[in-house]
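Asks: Residue numbers (the working numbering): 7 to 139. Below: one structure in structure tokens.
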């Protein structure tokens, strides 16, 4: 399936299927969920953790669809909503990130945020053979 077709398919999923896809994707990344919240029909907010041997990290995750670009205001809102004990953030989108959003995600002195755009998302879904319902 082409990248464009896959990403359009995600953008058009029913909300419950979008939630299922998000959970499958995060499980493939070995993340455990502590809390999942549907923020609106296009954003899922997840609090989770990953364990690497005896070390664990707390993650805050946004899964965003139906947006061509994620801008700096979305990154700022996401970071402001993080629990102060969060070690790392992750924003996944079917679209792209603006240059300013990328800069803000790596801002020194702040919780670092990893960014996964539509191209990387497509690779992860394909590599892990995740089915789009």
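Note that the Cβ used here is the ideal one computed from N, Cα and C, for glycine as well.
Assuming residue 54 and residue 37 are in contact, meaning their beta carbons sit under 8 Å apart, how far apart are those beta carbons, in whole angstroms?
Replies: 4 Å
Asks: The beta strand (DSSP E) with residue 64 in it runs from where to where?
Replies: 61-70
Asks: Alpha helix (DSSP H) containing residue 124: first to last residue?
Replies: 124-133
Asks: Quick check on residue 78: does DSSP put it in helix, strand or coil?
Replies: helix
Asks: Report buried or exposed for residue 85, applying the criterion of at least 16 other Cβ atoms within 10 angstroms of its Cβ.
Replies: Residue 85 should be labelled buried.
Asks: What's the C-alpha gap between residue 10 and residue 114?
Replies: 34 Å
Asks: Rounded to a whole number of angstroms, what is the C-alpha to C-alpha distance between residue 61 and residue 51?
Replies: 23 Å
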